[in-house]
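S.K.: Quick one: structure below, then a few questions.
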Ligand code: ADP
Ligand code: MG
């Protein structure tokens, strides 16, 4: 049975719909990400879970108990914000122990739990430091320890890594997953960063303008996006405007060139686009079929990967290849052939 349930949750702010008919059931110990662009309703949904906002309609249940209207401090949830929100006048240890002190726990218990939490985030040696004597990454680990100290049933994180440098962000991302799995705690993680969502989550909820677009595992979201928005938001994708040429054979035309791209019965006469991920395309002419030819428009080095953009009859096609295979890329303006594996293409 699902531990946490959101049933038909909606939220409006003086006429503006921030979240519309949000439904989700979260299992115990699951790591769920809310992923979507800025303003799509991620924070609002998280704040309704935490008890900082009351839904306009719908219910929230935890272990079959309705907590839609319950105050935040009665919900047994821990929350971590982007801005750390530590108490500046308290030491690291006092920050971590704050929730337990408010709850009136005995001193010995608080001390034991604080040490346990500081060990968990590997910051025992920093117990007496104040927040302004700690790095951003350390402050955020402390905020995590503070949220966990009350032993919440659910951990809520709102873009907890966005204020940190790239390297620390990556370290702390792995740290969050390690701690979450170690504790087996049900976690909701808000982010606009698809890489974070893909690498951390058991399941991802992709949102747009307050509406869920797709719920699925990282593999499902990436390999079978529920629509163009998800396909474009998660990873890179070519969406090429094509015209149907031979419906039975699944053949379409891009500019003046023909290509086999798969089924289009499901399209019902809508304008057709050919969807294919840049890393699925193959460089060069493959004997047999399904090659398009064009001219190289640009070559961009992205570290491990090189992205080549090819102008095919006025349409730009992106192709990614690993750096070590990219030694013999012709110069910009040169002719170039791309092979489209049939199984990697779909029509939308
Ligand atoms: P996200 O976290 O995905 O960036 P938010 O949940 O913060 O999105 O915001 C969703 C929408 O709700 C936005 O249009 C935002 O302007 C609006 N919104 C959020 N909080 C309030 C508020 N307190 N008052 C009015 N509008 C709000
Ligand atoms: Mg937000």
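Numbering (my numbering), first residue to last: 101 to 448. C-beta atoms are modelled at their ideal positions from N, C-alpha and C, and glycine is treated no differently.
(1) What beta strand (DSSP E) runs, 3 residues minimum, are completely inside the segment 143 to 222?
(2) Consider the C-beta atom of residue 188 and the heavy atoms of ligand 1; say whether any pair is separated by less than 8 Å.
(3) Quick one: what does DSSP say residue 282 is sitting in, helix, strand or coil?
(4) Which residue's Cα is closest to the Cα of residue 353: 393, 330, 336 and 382?
(5) Return yes when the C-beta of residue 145 is under 8 Å from any heavy atom of ligand 1, and no when it is not.
(6) When the Cβ atoms of the segment 429 to 445 are set against those of the segment 384 to 402, are three or more pairs found closer than 8 Å?
(7) Provide the residue span of the beta strand (DSSP E) that contains residue 330, from first to last.
(8) Which same chain residues, not among the five before or five after residue 112, have their C-beta less than 8 Å away from its C-beta?
(9) As a quick exercise: from 360, 214 and 261, pick the residue whose alpha carbon is nearest that of residue 249.
(10) Straight-line CA distance for residue 224 to residue 279?
(11) Residue 289 and residue 244 - do their beta-carbons sit closer together than 9 Å?
(12) With residue 338 as the anchor, note down where its beta strand (DSSP E) starts and where it stops.
(13) Quick one: Cα of residue 124 to Cα of residue 153, how far?
(14) If residue 132 sits next to residue 302, beta carbons under 8 Å apart, how far is it from one beta carbon to the other, in whole angstroms?
(15) Could you compute how far the alpha carbon of residue 241 sits from the alpha carbon of residue 227?
(16) Can you tell me whether DSSP reads residue 458 as helix, strand or coil?
(17) Report the rounded CA-to-CA distance for residue 231 versus residue 103, giving the unit in angstroms.
(18) Among the residues of its own chain, which have a CB less than 8 Å from the CB of residue 390, if the five just before and after it don't count?
(19) Among the candidates 374, 327 and 314, whose CA atom is the shortest distance from the CA of residue 343?
(20) Do residue 267 and ligand 3 come close, with the Cβ less than 8 Å from some heavy atom?
(21) Does residue 193 pass the burial test, meaning 16 or more other C-beta atoms within 10 Å, or should it be called exposed?
(22) Determine, using beta-carbon pairs with one atom in the segment 411 to 418 and one in the segment 333 to 350, whether at least three such pairs fall under 8 Å.
(23) Looking at residue 264: is its Cβ nearer than 9 Å to the Cβ of residue 237?
(24) By the 10 Å Cβ neighbour count, where 16 or more other Cβ atoms means buried, how is residue 116 classified, buried or exposed?
(25) Identify which residue in 254, 312 and 306 has its Cα closest to the Cα of residue 284.
(26) With distances taken from CA atoms, which of 312, 323, 405 and 319 is nearest residue 120?
(27) Could you please give the first and the last residue of the uninterrupted beta strand (DSSP E) stretch that includes residue 296?
(28) Thinking just about the alpha-carbon of each residue, which of 380, 136, 319 and 281 is nearest to the one in residue 220?
(29) Distance check for residue 259 and residue 182, CA to CA, integer angstroms please.
(30) For residue 380, I'd like the list of residues in its chain whose CB is within less than 7 Å of its CB, leaving aside the five on either flank, ordered along the chain.
(31) In whole angstroms, give me the CA-to-CA distance for residue 217 and residue 147.
(32) Report the rounded CA-to-CA distance for residue 402 versus residue 378, giving the unit in angstroms.
(33) May I have the straight-line CA-CA distance separating residue 197 from residue 229, to the nearest angstrom?
(34) Quick check on residue 313: does DSSP put it in helix, strand or coil?
(35) Please classify residue 387: does DSSP put it in a helix, a strand, or coil?
M.R.: To lay it out plainly:
(1) 157 to 162 and 177 to 180
(2) In the chain shown, residue 188 corresponds to position 88, counting from 1. Placement of the Cβ of residue 188 at a distance of 8 Å or more from every heavy atom of ligand 1 is found.
(3) Locating residue 282 in the chain shown gives position 182, where the first residue counts as 1. Looking at residue 282 - three-state DSSP - the assignment turns out to be helix.
(4) In the chain shown, counting from the first residue as 1, residue 353 sits at position 253. For the residues 393, 330, 336 and 382, the minimum Cα distance to residue 353 belongs to 393.
(5) For the purposes of this step, residue 145 is taken as the residue at position 45 of the chain shown. It does: the Cβ of residue 145 is within 8 Å (strictly closer) of some heavy atom of ligand 1.
(6) yes
(7) Taking the first residue of the chain shown as position 1, residue 330 is located at position 230. Run containing residue 330: none in the beta strand (DSSP E); it sits in the alpha helix (DSSP H), 328 to 333.
(8) Here residue 112 corresponds to residue number 12 of the chain shown, with the count starting at 1. Closer than 8 Å at the Cβ level, and outside the excluded window around residue 112, lie 118 and 156.
(9) To locate residue 249, count along the chain shown from 1; it is residue 149. The option with the nearest alpha carbon to residue 249 is 214.
(10) As a working mapping, residue 224 is identified with position 124 in the chain shown. As a working mapping, residue 279 is identified with position 179 in the chain shown. Roughly 16 Å separates the two Cα atoms.
(11) Locating residue 244 in the chain shown gives position 144, where the first residue counts as 1. Locating residue 289 in the chain shown gives position 189, where the first residue counts as 1. Cβ distance not < 9 Å, so residue 244 and residue 289 don't count as in contact.
(12) The residue you call residue 338 lines up with position 238 of the chain shown. It spans 338 to 346 - the beta strand (DSSP E) in which residue 338 sits, taken as one unbroken run.
(13) Locating residue 124 in the chain shown gives position 24, counting from the first residue. Locating residue 153 in the chain shown gives position 53, counting from the first residue. Near 18 Å, if we compare the C-alpha coordinates of residue 153 and residue 124.
(14) Here the question's residue 132 lines up with position 32 in the chain shown. Here the question's residue 302 lines up with position 202 in the chain shown. At roughly 7 Å, the Cβ-Cβ gap stays under 8 Å, so residue 132 and residue 302 are in contact.
(15) Within the chain shown, residue 241 is the residue found at index 141, counting from 1. Within the chain shown, residue 227 is the residue found at index 127, counting from 1. Cα-Cα distance, rounded: 12 Å.
(16) Beyond the ends of the chain as shown, which are 101 and 448, falls residue 458; an answer cannot be given.
(17) The residue you call residue 231 lines up with position 131 of the chain shown. The residue you call residue 103 lines up with position 3 of the chain shown. Taking the straight line from one Cα to the other gives about 35 Å.
(18) Mapped onto the chain shown, residue 390 falls at position 290. Cβ within range, chain order: 359, 360, 439, 440, 441 and 442.
(19) Against the chain shown, residue 343 aligns to sequence position 243. Comparing Cα-Cα distances from residue 343 to each of 374, 327 and 314, the minimum goes to 374.
(20) Looking for ligand 3 in the displayed structure turns up nothing; the ligands present are ligand 1 and ligand 2.
(21) Counting from one through the chain shown, the residue named residue 193 turns up at place 93. With 16 or more other Cβ atoms within 10 Å, it is buried.
(22) yes
(23) Taking the chain shown and counting its residues from 1, the one referred to as residue 264 is at position 164. Taking the chain shown and counting its residues from 1, the one referred to as residue 237 is at position 137. In this structure, residue 264 lies near residue 237, with their beta-carbon atoms less than 9 Å apart.
(24) Counted from its first residue, the chain shown places residue 116 at position 16. By the neighbour-count rule (16 or more Cβ atoms within 10 Å), residue 116 is not buried but exposed.
(25) Counting from one through the chain shown, the residue named residue 284 turns up at place 184. Closest by alpha carbon: 254.
(26) Within the chain shown, residue 120 is the residue found at index 20, counting from 1. It is 312 whose Cα lies nearest to the Cα of residue 120.
(27) Counting from one through the chain shown, the residue named residue 296 turns up at place 196. Per DSSP, residue 296 belongs to no beta strand (DSSP E); it is in the alpha helix (DSSP H), 294 to 300.
(28) Position 120 of the chain shown, counted from the start, is the residue given in the question as residue 220. Of 380, 136, 319 and 281, the residue nearest in Cα terms is 281.
(29) Here the question's residue 182 lines up with position 82 in the chain shown. Here the question's residue 259 lines up with position 159 in the chain shown. One C-alpha to the other measures close to 5 Å.
(30) Here the question's residue 380 lines up with position 280 in the chain shown. Here the set comprises 441 and 444.
(31) Here residue 217 refers to the residue found at position 117 of the chain shown. Here residue 147 refers to the residue found at position 47 of the chain shown. Those two C-alpha atoms are separated by around 25 Å.
(32) Taking the chain shown and counting its residues from 1, one reaches residue 402 at position 302. Taking the chain shown and counting its residues from 1, one reaches residue 378 at position 278. Computed Cα separation, rounded: 13 Å.
(33) To locate residue 197, count along the chain shown from 1; it is residue 97. To locate residue 229, count along the chain shown from 1; it is residue 129. The straight-line gap from Cα to Cα measures roughly 14 Å.
(34) The residue labelled residue 313 in the question sits at position 213 within the chain shown. Here residue 313 sits in strand by DSSP.
(35) Counting from 1 along the chain shown, the entry for residue 387 is found at position 287. In the structure shown, residue 387 sits in coil (DSSP, three-state: anything other than H, G, I, E or B).
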